[in-house]
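**Student:** Protein chains in written order, with our numbering: chain A, 132 to 472; chain B, 45 to 249. Cβ atoms here follow ideal geometry from the backbone N, Cα and C, with glycine treated the same way.
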Amino acid sequence: MDKYANYSLADFLADTHFRQWVKFPTTESNEFWENLQVQFPKHKEIIAQARLLILTYQIEEQLLSEEIINQAWQEQKRKQMAVSVRNHQPKTVLIQRKQLYRIAASFTVLMLVGVAIWYNYFRFEPLIYQTKYGQKQTITLPDGSKVILNANSRLEIKSEWSHAVNREVSLTGEAFFEVEKKPATKQKFVVHTPDLDVVVLGTRFNVNNRNIHTKVVLTEGSVRLAVKNNDETTKDLLMQVGDLVEFSKKANTLIKRNVNTEIYSSWKDNKLIFDNTPLSEIAALIKENYGLVVRFQEAQMAKRKISGTIPSENLKILLTSLETIFNVKITKEEQYLIFEK
Amino acid sequence: MKDADIVSISDTDLWQKFKNGEDAAFGLIFHTHYKAIFNYGLKFNSNSELVEDCIQELFLELWKNKNSISQIDNIKPYLLKSIRRKIIKQSNKNSKLRKLFNNVLPKEYEFEVIFSPEYQLIHSQISEEKVKKLQTMLDSLPPRQKEVLYLLFYQDMSYEEISQIMSMNYQSARNLVHRAIKLLRDNSLLDTLIIYFIFLKNFPS
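#1: Kindly list the residues whose CB is nearer than 6 Å to the CB of T269 of chain A, restricted to its own chain and excluding five residues on each side of it in sequence; keep chain order.
#2: Kindly list the residues whose CB is nearer than 6 Å to the CB of A433 of chain A, restricted to its own chain and excluding five residues on each side of it in sequence; keep chain order.
#3: Can a CB atom of chain A be found closer than 8 Å to the CB of I131 of chain B?
#4: Taking a Cβ distance cut-off of 7 Å, strictly less, list which residues of the region 174-192 of chain B are near chain A, in chain order.
#5: Tell me which residues of the region 202-215 of chain B have at least one Cβ-Cβ distance to chain A shorter than 7 Å, keeping chain order.
#6: What is the DSSP secondary structure of A414 of chain A, counted as helix, strand or coil?
#7: I'd like the list of long-range same chain contacts for Y395 of chain A, defined as Cβ closer than 8 Å, with 5 residues on each side in sequence excluded.
#8: Taking the alpha helix (DSSP H) that T451 of chain A falls in, what are its first and last residues?
#9: Let me know the secondary structure DSSP gives D481 of chain A once reduced to three states.
#10: Within the region 369-418 of chain A, note down every full beta strand (DSSP E) run reaching 3 residues or more, in order along the chain.
#11: Quickly, what does DSSP pair T350 of chain A with across the bridge? List them, please.
#12: Please check if any C-beta of chain B sits within less than 8 Å of the C-beta of R233 of chain A.
#13: Do L86 of chain B and K130 of chain B have their C-beta atoms closer together than 8 Å?
#14: R217 of chain A CB to nearest chain E CB: under 8 Å?
#15: Can you tell me the Cβ-Cβ gap for E419 of chain A and N201 of chain A, rounded? I've got them flagged as a contact below 8 Å.
#16: Can you confirm whether the region 157-174 of chain A touches the region 463-470 of chain A when touching is taken to mean that 3 or more C-beta pairs between the two stretches lie within less than 8 Å?
#17: Locate the alpha helix (DSSP H) running through Y138 of chain A, then write down its first and last residues.
#18: Over what stretch of residues does the beta strand (DSSP E) that includes D55 of chain B continue unbroken?
#19: So within the region 78-110 of chain B, which uninterrupted beta strand (DSSP E) runs reach at least 3 residues, ignoring any that extend past its ends?
#20: Taking the continuous alpha helix (DSSP H) assigned at S160 of chain A, which residues delimit it?
#21: Among the residues of its own chain, which have a CB less than 7 Å from the CB of I53 of chain B, if the five just before and after it don't count?
#22: In its own chain, which residues sit with a C-beta less than 8 Å from the C-beta of L449 of chain A, not counting the 5 before and 5 after it?
#23: Using beta-carbon positions only, say whether I132 of chain B and I81 of chain B come within less than 8 Å of one another.
#24: Which same chain residues end up closer than 7 Å to T324 of chain A when comparing Cβ atoms and leaving out the 5 residues on each side of it in sequence?
#25: So, with DSSP's three-state summary, where would you put F155 of chain A?
#26: Are the region 192-208 of chain A and the region 155-164 of chain A touching by the rule of at least three beta carbon pairs closer than 8 Å?
#27: Between the alpha carbons of E305 of chain A and K267 of chain A, how many angstroms are there, rounded?
#28: Please confirm whether F103 of chain B has its beta-carbon closer than 8 Å to some beta-carbon of chain A.
#29: In terms of DSSP beta bridges, what is A357 of chain A paired with?
#30: When Cβ atoms are compared, which residues of the region 107-127 of chain B fall closer than 7 Å to chain A?
#31: Could you list the residues in the region 71-88 of chain B with a C-beta less than 7 Å from some C-beta on chain A, going in chain order?
#32: Can you grab the Cα-Cα spacing for the pair K436 of chain A / K460 of chain A, in whole Å?
#33: Kindly indicate if chain A contains any beta-carbon less than 8 Å away from that of F159 of chain B.
#34: Could you pull out every residue in the same chain whose Cβ sits closer than 7 Å to the Cβ of S452 of chain A, ignoring the five residues on either side in sequence?
#35: Just the C-alpha distance for I178 of chain A and I206 of chain B, rounded to the nearest angstrom, thanks.
#36: Does the region 138-152 of chain A come close enough to the region 173-188 of chain A that 3 or more CB-CB pairs lie under 8 Å?
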């Protein structure tokens, strides 16, 4: 304790134990510094001043997490690596076995980091569009083609689109395609569904694979369908304007007929065209597009048919129209729509 | 650090291991001092990105020169001195003075600290207003005086180490503190408050 006899204020400020006591006092350190003041009463004032200074000089310091420091260290390793690569030359120093392992481990880590960075930044991320119930979305693809995605549907744009490869998308649900022609590169446009691939050069068509089958309706141009057989082989099928092709791999049914194409793609223009369509089919449509289950008070009701155009901007307009046409009362209860007389 | 055998190593040995090319030793130095270097650097330039870059550069240079670098027995002051030099240089890169006297470390620099209210004091009998007055006075001290106090209180440095960091002799480092104390006394800041402080009995435990 004698070393404190001639301590000045500046000495107290530079004394680690003193600072420790001021900032984080304990019963033990309190006792020590109380005793010191008893022993050297002349220090009382400068100790008080030193305490005051230390406690007042209270500033904001950045608290760096272990994670941030680790990131900085990884950055440092990357920089070292870059220098090593630049100055790559045979070393005259013998590398010990243990060091070799360390170097190998560092390289592995760096390679993994590199792969992760490449994967995150340079890989083409598959673009996924997903619509909710009652929602439509118009998508312009990288090649300028337009897709109108119906409600409750999902479109995935596959792989990188360059001039070298075909333009490929995958569809679950329903969509109307307006494909831009690429006469210069003769690139094809391919829509994948579980049942078939629609292969086109430039045309307008509707694809629907909501149930266990895929339905393709051709509005303009021509398309080739690569129908998927159960044995992984495909069968080509050419479609003409006005054709509807319905195929199910599961049920192994293939239907081809000529239709009024507008009926199948009118949804994109916010209207529904029916041609002798039973209410049961409209119920299925409501379930697919709005996620609501239709319950008929009387089973007979489902068989009633309708022809005509109904606006379908939203569910309310559609239901009001149906109420008027069929002279029914529709009430919504949770996920159900009750059709009553 | 996974290598348990180097945790309680002396600075001298740690530095030697680093010079021998042991990556774990260099990593330990980096991890141990990063926070202190970063916070010290921020006082000269509040741009944290610039400070981070300077730290990266500093360690990269150490690593590149590990074969030729001298033996160090006290790592922290060495690193603080290096980062100080680097950031002051970097901060003054665009100033006219730097262009005239190329490569000379400028005498003028900023040392900015952000004072925060001290709870121990506020709970005591000294009013917040008085603490603020003293803090304002401390804040208006010349950069070098502020810096010495920071190195004492926040980096736990001795006058010897401070003189090394700030490139001055031992007595000059002490003098900076004396000057600061004198200024505070001349403004009766230490004395008017001291009355309350001496009779402050409630040491927090």
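**Tutor:** Result, derived from the coordinates:
#1: These residues qualify, in order along the chain: I279.
#2: L410, S411, F427
#3: no
#4: The residues in question are V175, L178, Q179, L182.
#5: S202, Y203
#6: Correct three-state label for A414 of chain A: helix.
#7: N337, N339, K346, V348, L375
#8: 446-457
#9: No answer is possible for residue 481 of chain A: it lies beyond the span of chain A, which begins at 132 and ends at 472.
#10: 374-379, 384-389, 402-409
#11: DSSP output for T350 of chain A lists no bridge partner at all.
#12: Any Cβ of chain B closer than 8 Å to the Cβ of R233 of chain A would place that residue at the interface, and such an atom is present.
#13: no
#14: In the structure shown, chain E cannot be found, because the protein chains are A and B.
#15: Their Cβ separation, rounded to whole angstroms, is 50 Å, which puts E419 of chain A and N201 of chain A out of contact at 8 Å.
#16: Output reads no: the region 157-174 of chain A does not touch the region 463-470 of chain A.
#17: No alpha helix (DSSP H) contains Y138 of chain A, which DSSP labels as neither H nor E.
#18: Looking at the DSSP string, D55 of chain B is not in any beta strand (DSSP E); the run it does join, the alpha helix (DSSP H), is 55-63.
#19: Listed in chain order, nothing qualifies, since the region 78-110 of chain B has no complete beta strand (DSSP E) run of 3 or more residues.
#20: Note, S160 of chain A: alpha helix (DSSP H), 158-170.
#21: none
#22: L403, I417, I441, P442, S443
#23: Not closer than 8 Å, so no.
#24: L302, V338, N340, T345
#25: coil
#26: no
#27: When rounded, the separation of the alpha-carbon atoms in E305 of chain A and K267 of chain A is 10 Å.
#28: yes
#29: Under DSSP, the beta-bridge partners assigned to A357 of chain A are A:D328, A:D367.
#30: W107, K108
#31: G71, F74, H75, Y78, K79, F82, N83, L86
#32: 17 Å
#33: Taking 8 Å as the threshold, the shortest C-beta distance from F159 of chain B to chain A falls below it.
#34: I441, P442
#35: The straight-line gap from Cα to Cα measures roughly 22 Å.
#36: yes
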